[in-house]
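Novice: One structure follows; several queries about it will come next.
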Amino acid sequence: MYGLAKLAGVFGTLNPVPALERPDLLPDAVLAAVRDVVPRAEVFEIDPDHADTETLCQVYDLPMEAMANAVLVLGRRGGEERRACCMTLAHRRVDVNNVARRRLDVRKASFAPMDYAVAESGMEYGGITPVGLPAGWPVWVDGAVADTDLVCIGAGVRGAKLVLPGADLLLLPGAERVDGLARDL
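With the first letter of the sequence shown counted as 1, position 44 gets the number 46 in our numbering; the numbers rise by one all the way through.
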């Protein structure tokens, strides 16, 4: 397991290590999910001021094609709130108005506001990840993410990122591959 990301040569000087060796970088829920569901995940520490994807790529010279973002989407139907975590490559955008809206079976879907996303996920904005989300969150993984050898995603906090095979996201509770969930910008 050790060196999965290093062997790929994608993450350069950041030196990802097995996430279970650095529990100090992960909130409890993320650590538990890594241990129980995605044990191949690796983690690296970053400056929290550079947690946003574009800045992270610029500062650490990382390829945008290896970055995946968790986007929390909401809708309502008959007074019932419906939500999902959508995983997309950073250079793509979740199709909220068509694909996500239809899958939620709502008239209107939108991105979750920051305060809601933080409160409901239990994670820091800029570090939200499907790994360790509370029970009941469907996780929709765009096919392009699932087909990516290694993706860099949030670690639940702004000061770290996880690296894992894109297909491993499909191991998460409530996860499902959704081809066409996102489109190029």
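All residues carry an ideal CB built from backbone N, CA and C; glycine is no exception. From a predicted model like this one, the values you see are computed outputs, not experimental measurements.
#1: Using only CA atoms, which one of 74, 157, 162, 115 lies nearest to residue 143?
#2: Evaluate contact between the stretch 53-67 and the stretch 22-39, counting only Cβ atoms and requiring at least three cross-stretch pairs below 8 Å.
#3: Please report the straight-line C-alpha distance between residue 169 and residue 151, rounded to a whole angstrom.
#4: DSSP state of residue 89, grouped into three classes?
#5: Report the start-end ranges of each alpha helix (DSSP H) in the stretch 61-107 that is 4 residues or longer and not cut off at the edges.
#6: What is the DSSP secondary structure of residue 58, counted as helix, strand or coil?
#7: By how many angstroms is the C-alpha of residue 140 removed from the C-alpha of residue 181?
#8: Helix or strand or just coil, what does DSSP make of residue 210?
#9: Look at the Cβ atom of residue 68, then the Cβ atom of residue 153, and state whether they are nearer than 8 Å.
#10: Could you give the distance in angstroms between the alpha-carbon of residue 9 and the alpha-carbon of residue 86?
#11: Can you name the start and end residues of the beta strand (DSSP E) that residue 121 belongs to?
#12: Using 10 angstroms around the beta-carbon of residue 15, count the other beta-carbons present and answer buried if the total reaches 16, otherwise exposed.
#13: Taking DSSP's pairing of strands, which residues face residue 44 in a bridge?
#14: Among all the DSSP beta bridges, which residues are the ones paired with residue 113?
#15: Exposed or buried, which one is residue 125 when buried takes at least 16 other CB atoms within 10 Å?
#16: Using the Cα positions of residue 113 and residue 84, report the straight-line distance between them to the nearest angstrom.
#17: Where does residue 137 sit, in a helix, a strand or coil, going by DSSP?
#18: Whole angstroms are fine: how far does the CA of residue 100 sit from the CA of residue 51?
Specialist: By the coordinates alone:
#1: That would be 74, whose Cα lies nearest to the Cα of residue 143.
#2: no
#3: 8 Å
#4: strand
#5: Counting only unbroken stretches of 4 or more residues, the alpha helix (DSSP H) elements lying wholly within the stretch 61-107 are 103-106, in sequence order.
#6: Looking at residue 58 - three-state DSSP - the assignment turns out to be helix.
#7: 15 Å
#8: There is simply no residue 210 to check, as the chain begins at 3 and stops at 187 in what is shown.
#9: yes
#10: Only weak support is given to the placement of residue 9: the predicted model assigns it a pLDDT of 48, under 50, and the value that follows is read from those uncertain coordinates. If you take the alpha carbons of residue 9 and residue 86, they lie about 33 Å apart.
#11: Run containing residue 121: none in the beta strand (DSSP E); it sits in the alpha helix (DSSP H), 116-123.
#12: exposed
#13: For residue 44, which the question treats as bridged, DSSP gives the partners 20, 165.
#14: 75
#15: Under this definition residue 125 is a buried residue.
#16: Distance between the alpha carbons of residue 113 and residue 84 is about 12 Å.
#17: Correct three-state label for residue 137: coil.
#18: 33 Å
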